[in-house]
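Input: a single structure, listed below in structure tokens.
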Amino acid sequence: MIPRLYVPVELKPDHVFAAEERAAHYLRNVMRRQAGDPIILFNGRDGEFNAEIGEVSKRQVELRVGALRRPQMSVPDIWLCFAPLKKDAIDFLVEKATELGAAAFQPVFTQHTASTRLNLERLAANAIEAAEQTERLTLPEIRVPLSLPDLLRSWDPARRLILCAEAGPAAPIAEALNDLKGTVSISNAWAILCGPEGGFARSELDLLSNLPFVTPVGLGPRILRADTAALTALAVFQSILGDGALRPPAPLLPIGQLPT
Ligand code: SAH
């Protein structure tokens with residue numbers, strides 16, 4: 012297995028640099044790699060590169076960047092706005108939502124949010140690990156936590172907010188997103204908002220449902236746990252409006268055959 016690592020440095024062919032502590036520890040102590048071993052690097056901006064391990068010492072692990080492997084690609088601009096959950100549920104949510112291609116995480120404190128603290132460093136570390144695993148070229152952005160009123164005050168109305176509304180008459184998510192696909196002049200900026208374990212307060216749901224940029228959706232007749240709900244909404248979004256709706260690129264033409 013060739014390790015694939017995120018590194019927070021500029022990447023270009025022939026660049027040589029010392030891996031930061033996390034990557035150095037992983038390569039030297041966990042994977043037991045040596046000078047000359049291949050690795051793959053990405054930084055979220057410059058694409059993905061073949062690379063090689065240079066000198067390995069107690070003090071540092073040197074990395075040498077080789078050829079560009081894949082040019083940078085963007086992900087659909089879909090934010091996941093979520094009320095902080097218990098630690099295990101957040102770890103799970105961030106890992107899986109990164110795999111599903113969330114472009115950003117926006118923590119939101121609502122009236123019934125039980126957790127009052129959120130470890131953003133842990134959140135970022137989980138996102139990096141999942142991005143490495145899943146061959147993403149980007150890292151999800153981790154946004155500063157806000158209260159729901161502050162989030163809505165600063166909201167860009169061009170970004171459509173898909174509200175997971177557990178109670179009430181909201182349209183089923185697939186129907187609602189297919190309708191949006193046909194009617195909205197799409198600015199292509201999206202967000203999903205899910206409530207905490209305790210759900211939204213009635214007043215929050217009323218407030219949200221009356222905002223012009225909000226589309227309330229239902230996820231079926233069962234009450235899902237907050238992490239399940241967020242991931243379900245994200246998966247459905249990706250398959251209707253996001254990159255799950257794309258077909259893989261057409262195969263290359265055989266040599267000598269030109270398109271007519
Ligand atoms: N209010 C519930 C629990 C909330 S579930 C209770 O009675 O305790 C946590 C969050 O998941 C909700 O706020 C909502 O955003 C989302 N959710 C769960 N099930 C859902 C469903 N069937 N449809 C839409 N959203 C749902």
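When we follow my numbering, the leftmost residue of the sequence shown carries the number 12, and every step to the right adds one. Ideal Cβ placement from N, Cα and C applies to all residues, glycine included. Model, not experiment: these values are computed from the prediction.
For the beta strand (DSSP E) holding residue i, just list the boundary residues, first then last.
| i | result |
| --- | --- |
| R189 | The sequence shown places Asn at residue 189, rather than the Arg named in the question. Counting along the chain, N189 falls outside any beta strand (DSSP E), though it belongs to the alpha helix (DSSP H) covering 184–194. |
| R258 | No beta strand (DSSP E) contains R258, which DSSP labels as neither H nor E. |
Check the DSSP bridge columns for residue i and list the partner residues they point to.
| i | result |
| --- | --- |
| P87 | None, per the DSSP bridge assignment. |
| V225 | L172 |
| A200 | D88 |
| R75 | V27, E63 |
| F53 | Y17, E59 |
| R43 | Answer by DSSP bridge pairing: none, since R43 is not bridged. |
| R33 | R33 pairs with nothing; no bridge assigned. |
| R81 | E59 |
Ordered along the chain, which non-local residues of its own chain (more than five positions away) have a Cβ less than 6 Å from that of residue i?
| i | result |
| --- | --- |
| C205 | F93, C175, A237, A240, A241 |
| E152 | A115 |
| K107 | L242 |
| S220 | P227 |
| I266 | Any reading at I266 is ruled out, since the residue's pLDDT is 45, under 50, leaving its predicted position unreliable. |
| M84 | L148 |
| A100 | D238 |
| R44 | L38, I64 |
| V105 | L134, N137, A138 |
Under DSSP, the alpha helix (DSSP H) around residue i begins and ends at which residues?
| i | result |
| --- | --- |
| E59 | No alpha helix (DSSP H) contains E59, which is instead part of the beta strand (DSSP E) from 59–67. |
| D48 | Note, D48: premise wrong, no alpha helix (DSSP H); not H, not E. |
| R213 | 213–220 |
| L245 | 237–251 |
Assuming residue i and residue j are in contact, meaning their beta carbons sit under 8 Å apart, how far apart are those beta carbons, in whole angstroms?
| i | j | result |
| --- | --- | --- |
| L172 | V119 | With a Cβ gap of about 11 Å, L172 and V119 do not count as contacting. |
| I89 | I50 | Not quite, the Cβ-Cβ distance comes to about 30 Å (not below 8 Å), so this is no contact. |
| P24 | V76 | 6 Å |
| I139 | A185 | Not a contact, Cβ separation roughly 32 Å. |
| A62 | T109 | At roughly 22 Å, the Cβ-Cβ gap does not stay under 8 Å, so A62 and T109 are not in contact. |
| F248 | L188 | 6 Å |
| P168 | F224 | 5 Å |
| L148 | F53 | 6 Å |
| G55 | Y17 | 7 Å |
| T121 | L159 | 5 Å |
| D190 | N137 | About 34 Å; that fails the 8 Å criterion. |
| E143 | R15 | 5 Å |
| A182 | G231 | Going by Cβ atoms, the distance from A182 to G231 rounds to 12 Å, so no, they are not a contact pair. |
Within its chain, find whatever has a CB closer than 8 Å to the CB of residue i; leave out the 5 residues flanking it on each side and keep chain order.
| i | result |
| --- | --- |
| L263 | Bear in mind that the predicted position of L263 carries a pLDDT of just 47, short of 50, making it unreliable; the figure below should be weighed with that in mind. Same-chain partners within the cutoff: there are none. |
| G209 | H123, T124, A125 |
| A313 | Because the chain is modelled from 12 through 271, residue 313 falls outside the range shown and cannot be assessed. |
| A202 | I89, W90, L91, C92, Q117, R170, R171, L172, I173 |
| A78 | P24, F60, N61 |
| V82 | The sequence shown places Pro at residue 82, not Val. So the qualifying residues of the chain are G58. |
| A256 | Q249, S250 |
| A178 | G210, L216 |
| A200 | D88, D167, A169, R170, R171 |
Near residue i, what residues of its chain come up, given a Cβ to Cβ distance below 7 Å and the 5 sequence neighbours on each side ignored?
| i | result |
| --- | --- |
| L235 | T243 |
| D254 | V86, P87, G112 |
| L131 | I153 |
| L129 | P95, P118, P156 |
| R39 | V67, V72 |
| R258 | none |
| L150 | Y17, G55, A138, I139, A142 |
| H26 | V76 |
| V20 | F28, N54 |
| request: Tell me the start and end of each unbroken alpha helix (DSSP H) in the segment 90–176 that is at least 4 residues and wholly inside, in chain order. | output: 98–110, 131–145, 159–164
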